[in-house]
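Residue numbers (the numbering used here), protein chains in the order written: chain V, 1 to 573; chain U, 574 to 741; chain S, 742 to 849.
Note that beta-carbon positions come from the ideal geometry of N, C-alpha and C, so glycine has one too.
The structure appears below as structure tokens.
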Amino acid sequence: MTAHDPSLARPNAPTTTYRYDEYDATFVRERVAEFREQVRRRLEGALTEDEFRPFRLMNGLYLQLHAYMLRVAIPYGTLTARQMRRLADIADKYDRGYGHFTTRQNLQYNWPKLVDTPDILESLAEVEMHAIQTSGNCIRNVTADHFSGVAPDEIEDPRATAEFLRQWSSAHPEFSFLPRKFKIAVTGAEHDRAAIMVHDVGLRIVKNDAGEIGYQVVVGGGLGRTPFVGKIIRDYVSRADLLAYLEAIMRVYNRFGRRDNKYKARIKILVHEKGIDEVRAAVEAEFAAMNRSVFSFDPDEFERIAAFFTPPPYESLPAESAKLRTQRVAHPAFGNFVDVNVSPHRVPGYAIVTVSLKPIGGIPGDATSQQMRVLADASERFGFGELRVSHEQNIILPHVKQEDLFDLWKLLDGAHLATANAGLVSDIISCPGLDYCSLATARSIPVAQAISKRFSDLSRQRRIGKLGIKISGCINACGHHHVGAIGILGLEKKGQESYQITLGGDPTFSASIGEILGPGVSAEQVPDVIEHIVDFYLAERLEGEAFIETWRRIGHARFKDVLRREGEDGADI
Amino acid sequence: MALISDGRFIEDDWRRLADEEALPKSGKVVVSLARLEHALAHLPEGVSLGVNIPNTTDPTSLTRALSRLELVEIAFPAFADGRGFSLARLIRRAGFTGELRASGRLLADQYAHALGCGFNTIEIPDELAERQGESQWQAARAAHARTYQRGYVAPGSILDARRKAAAQ
Amino acid sequence: MPALKHPQILLASDLSDGEVVFLGAEGWERRHARARVAHDKDEAAALESFGKAEIAKNRVVDVYLADVEVGADGVPTPLHYREKMRLKGPSVRPDLGKQAKGAAHDRP
């Protein structure tokens with residue numbers, strides 16, 4: 001394929017995601033050429049490591065514990081079969097045959113060479129992908145609800161907004177050297193699947209009294225060393241003013257965000273120290289002073305982008321497939337898969353399938369190149385060639401006919417991709433931790449694997465129900481442990497890996513930060529502790545009550561008591 | 574220090590005046606922000622006036638001075654400290670049309686950003702200029718043909734190009 | 742000679758491919774068994790200053806000293822689990838990194 005095929009850059013192509021036009025293609029090619037030049041200058045010494053670092057980070061390239069790591073953006077979590085195949089090809093050609101899907105709709109390669117990176121980026125550009133701004137102190141990859149466009153509870157597909165913002169934020173002249181990273185998430189649904197309350201800016205698509213679509217803007221959320229739930233800075237910003245309002249927020253942050261201490265440099269600290277009212281006043285003053293005509297919102301441009309996200313050519317089907325009903329009964333394992341991993345679709349006769357990248361005892365979020373190709377094939381055979389990546393580190397097939405579910409399941413099962421645990425206790429979110437990451441203070445993956453094995457019985461998991469465990473290998477919280485119903489944070493204590501457990505986190509609109517359960521425990525003790533907590537929850541819960549609801553109802557102290565008692569009983573925790 | 578303008582190293586015809594030095598009767602001088610009020614009041618009219626300001630300066634404090642100033646030089650204490658970019662934007666917005674200069678350890682890789690925000694010239698230490706020669710500054714300027722943003726200085730705007738293409 | 746609490750070796754990452762390297766008698770080595778061990782502060786300072794010069798020559802990055810214990814066979818083993826990890830590779834993927842059979846440093 002050539003780098004750019006103009007015939008595909010039209011919304012009527014059989015795909016439901018954005019396609020580059022010649023300007024997008026040129027822009028990405030220019031960035032690849034620029035980075036190739038930067039690598040060359042680095043190797044010959046025109047750039048020192050300190051000078052090079054921000055630019056390699058802005059192209060997604062980290063230096064990790066064992067090797068470089070390249071983080072590729074999957075904007076708003078949407079990718080095509082062709083793109084997934086290219087990710088697989090790159091894994092084979094330049095890496096070690098696998099990739100790691102992250103909590104921010106990115107894919108990480110763990111073993112690229114610096115000298116190969118420009119070629120990898122060029123290979124990505126050929127399929128309209130990039131690694132631009134997946135790291136660095138700039139506006140990061142804009143994330144969105146992974147059920148966009150298919151969720152029954154949606155006001156509007158947020159991906160048009162996310163793509164609009166992706167373009168606006170790319171190589172921004174003013175906002176590429178911010179005090180710290182800046183993450184934006186967008187949701188257009190009644191249920192928040194994009195964790196907008198814990199982003200630097202969260203955008204919630206809403207309708208005003210006149211029925212016009214606009215945005216509720218949340219600012220100053222974030223995890224990391226000092227977690228905060230975001231605060232509403234404005235209830236309603238019209239679409240016409242969205243970019244101007246965001247520029248105002250960015251300018252205030254760029255000027256007044258702290259730069260004396262990188263741990264206090266995120267906008268959440270500015271909001272916390274100045275208070276939301278003072279930040280709001282500064283943003284509103286800047287917004288009022290701006291020449292908004294410069295942004296002169298172009299409805300045609302927004303519509304051009306939005307047109308790419310129109311629904312695929314669905315067939316007219318009965319709401320429920322009789323074939324599926326029979327198959328569910330005939331094949332209990334398949335029935336379980338449908339119960340757990342399949343979500344309702346807004347179109348009759350269709351379903352949303354979550355493909356778990358959390359096999360029992362596996363590495364959360366990892367997929368081999370072979371599995372990526374199976375997923376690409378599956379999306380083409382059963383779902384208009386479209387895939388999604390969720391911040392839970394799973395893959396979504398968003399448009400599957402109910403009557404195809406059984407064949408899809410068999411295909412997935414053959415590639416070890418049919419674990420029926422989406423949202424259950426073994427669907428663990430985990431950062432790479434000290435197995436790969438140079439910032440980590442402890443390993444995360446082996447802890448996830450041990451918990452997963454402890455709860456390997458899927459029927460037990462179903463009895464427990466939805467329960468999110470999230471693990472981070474350091475205080476930077478890439479594993480979102482603060483918002484896990486059960487959160488686990490790996491730390492170093494007296495030269496050993498130690499794990500701090502929190503309960504009561506919630507990443508949705510009702511966001512809350514988990515509370516610490518007690519002193520840290522060793523890696524070996526973690527599965528015991530988790531099991532005690534889960535058993536106590538099962539004993540205490542009321543009919544249909546989720547973990548977080550039980551925890552909120554009976555209180556943190558009761559959970560603490562259980563562990564203290566268990567400790568006295570000799571469990572050594 | 575080396576001065577870059579239009580992708581070339583040029584001679585600097587501005588002279589930085591130390592705070593204790595007397596105001597000259599001719600030429601082009603750059604004063605510190607602390608000296609600005611004094612210079613505005615006492616500098617003979619024929620002398621060109623510039624000011625060097627920290628990147629934390631409140632741009633409204635310069636509003637009155639802008640019509641007299643021919644050069645505003647914004648200090649970049651570190652290349653990754655992007656406050657100067659926003660300050661440049663605000664000074665341009667306040668109507669300043671003279672020379673806007675970024676002074677510090679800026680890298681060629683930031684040239685397009687600086688130009689985009691309204692800077693005309695970049696002043697860097699000689700030692701940095703030895704590693705980052707003219708060709709790198711020229712290449713950096715050419716590396717961004719069109720940008721997605723509007724309202725910034727750039728060779729072209731992608732949005733405008735799309736509009737034009739759609740209108741045809 | 743001022744004593745060190747523990748002997749030390751110098752670790753870095755190779756600039757062009759990112760692999761962990763150790764300063765040996767002749768230069769950078771990919772096997773820690775060949776790392777030069779500093780037994781006192783002067784020796785450690787010499788390793789470090791060599792490392793700094795190598796950064797300036799754009800060969801390596803992220804250079805630092807790590808405490809080790811030296812086995813009967815003379816091979817240094819880091820005391821901290823982080824550096825132990827760097828000697829081997831990901832603990833969850835024994836097929837990858839230096840620990841893998843056929844890894845670059847195993848080949849002659």
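Distance from Phe337(V) to Ala418(V) at the Cβ level is roughly 6 angstroms; contact confirmed, criterion being Cβ atoms closer than 8 angstroms. Contact note: Gln711(U) does not reach chain V at a C-beta cutoff of 7 angstroms; the least C-beta distance is about 12 angstroms. Counting the other Cβ atoms within 10 Å of the Cβ of Lys183(V) gives 16 or more, which makes it buried. Closest in alpha carbon position to Gln371(V), among Ala144(V), Arg31(V), Thr78(V) and Arg85(V), is Arg85(V). Lys453(V) is positioned such that its CB atom lies closer than 8 angstroms to that of Ile360(V).
DSSP places Leu397(V) in the strand class (E or B) of the three-state scheme.
Rounded to the nearest angstrom, the gap between the Cα atoms of Ile750(S) and Asp808(S) is 7 angstroms. Per DSSP, the continuous beta strand (DSSP E) segment holding Ala675(U) begins and ends at Glu672 to Gly677.
Residue contact check for His66(V) against chain U: no CB pair falls below 8 angstroms.
The three-state reading of DSSP puts Ile267(V) in helix, counting H, G and I together.
Contact between Glu696(U) and Leu576(U) holds, with the beta-carbon distance rounding to 5 angstroms and staying under 8 angstroms. Collapsing the DSSP output to three states places Thr354(V) in a strand. For Pro75(V), no Cβ of chain U is located within less than 8 angstroms of the residue's own Cβ.
Under DSSP, Asp733(U) forms no beta bridge with any residue.
Rounded to the nearest angstrom, the Cβ distance from Ala88(V) to Ser369(V) is 4 angstroms, consistent with a contact under 8 angstroms. Not a single C-beta of chain U is nearer than 8 angstroms to the C-beta of Pro118(V). The beta carbon of Met58(V) sits closer than 8 angstroms to those of Ile132, Gln133, Ser135, Gly136, Cys138 and Ser176, all from its chain and outside the five residues before and after it, given in chain order. For Asn208(V), the CB contacts under 7 angstroms within the same chain, skipping 5 residues up- and downstream, are Gly214 and Tyr236 in chain order. Secondary structure of Ile554(V) (DSSP, three-state): helix. In this structure, the straight-line span from the alpha carbon of Tyr805(S) to that of Glu770(S) is close to 15 angstroms. For Asn254(V), at least one C-beta of chain U is nearer than 8 angstroms to its own C-beta.
Listed along the chain, the chain U residues whose CB falls inside 8 angstroms of the CB of Ala511(V) amount to none; the nearest CB is some 29 angstroms away. Contact annotation for Arg735(U) against chain V: Asp21, Tyr23, Glu301 and Arg304 [CB-CB distance below 8 angstroms, chain order].
Taking every protein chain shown into account, the CB of Pro831(S) has 16 or more other CB atoms within 10 angstroms, so this residue is buried. Taking the Cα positions, Asp699(U) is about 52 angstroms away from Phe309(V). Within chain V, not a single residue places a beta-carbon under 8 angstroms from that of Ser790(S); the smallest gap is close to 17 angstroms. Within the region 631-653 of chain U, those residues whose Cβ lies closer than 8 angstroms to any Cβ of chain V are, in chain order, Phe652 and Ala653.
DSSP places Ser430(V) within a strand segment (E or B) once states are collapsed to three. Listed by position along chain S, the residues whose Cβ is nearer than 7 angstroms to that of Arg443(V) are Ser832.
In the structure shown, the three-state DSSP call for Pro359(V) is coil.
Boundaries of the beta strand (DSSP E) around Glu492(V): Ile486 to Lys493. Under DSSP, Arg71(V) shares a beta bridge with Gln108(V). Interface annotation, Ile750(S): not in contact with chain V, CB-CB separation never under 8 angstroms. Sorting Met574(U), Ala612(U) and Leu701(U) by C-alpha distance to the C-alpha of Leu622(U) places Ala612(U) at the top. When C-beta atoms of the region 303-323 of chain V are compared with those of the region 756-763 of chain S, fewer than three pairs fall below 8 angstroms, so the two segments do not count as touching. The beta carbon of Val802(S) sits closer than 8 angstroms to those of Ala753, Ser754, Leu756 and Ile796, all from its chain and outside the five residues before and after it, given in chain order.
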